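No gaps in the numbering here: position 8 of the sequence shown is 23 in our numbering, and each next residue is one more.
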Amino acid sequence: QVKVVESGGGLVQAGGSLRLSCVTSGRSISTFDSMVWRRQVPGNPHELVASITSGGGINYGDSVKGRFTIFRDNVKNTVYLQMNRLMPEDTAVYLCYAHGPRTYWGQGTQVTVAS
16 QVKVVESGGG
26 LVQAGGSLRL
36 SCVTSGRSIS
46 TFDSMVWRRQ
56 VPGNPHELVA
66 SITSGGGINY
76 GDSVKGRFTI
86 FRDNVKNTVY
96 LQMNRLMPED
106 TAVYLCYAHG
116 PRTYWGQGTQ
126 VTVAS
């Protein structure tokens, strides 16, 4: 059984940094086509934050380009999201999912950025 678990969220002041982690169990992250971070504010649709493919291709949502970095450690079976220069607009639940061929979602981790 594949599980996806996010961690690292919390409360931070605007301009600060956080690093989120996404760990899979039951299957190595290197076997998935892609690992993706999305975020959701209640009442709004999910927004792409960042993704990384098995081949190393990386994509960022427009609102986080230049501030966030996605990277992975296959040994630790973990995908990270380094978030710098956080803004109040980044406040959301951050969700990680592993894709290929099925999609496995985590429960999310709350990030709150205080102004």
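The C-beta atom is built at its ideal place from N, Cα and C for all residues, glycine as well. Computed from a predicted model, the values in this text were never measured in an experiment.
query, result
"Hey, quick one: how far does the beta strand (DSSP E) through residue 80 stretch, first residue to last?", "Here residue 80 belongs to no beta strand (DSSP E), and DSSP marks it neither H nor E."
"Distance, Cα to Cα, residue 96 vs residue 63?", "12 Å"
"Is it the case that the Cβ atoms of residue 49 and residue 69 are separated by a distance below 8 Å?", "yes"
"From residue 35 to residue 108, what does the alpha carbon distance come to, in whole angstroms?", "11 Å"
"DSSP on residue 36, reduced to helix/strand/coil?", "strand"
"Do residue 58 and residue 65 have their C-beta atoms closer together than 8 Å?", "no"
"Within its chain, find whatever has a CB closer than 7 Å to the CB of residue 38; leave out the 5 residues flanking it on each side and keep chain order.", "20, 92 and 93"
"Helix, strand or coil for residue 105, going by three-state DSSP, please let me know.", "helix"
"Classify residue 22 as helix, strand or coil using the three-state DSSP reduction.", "strand"
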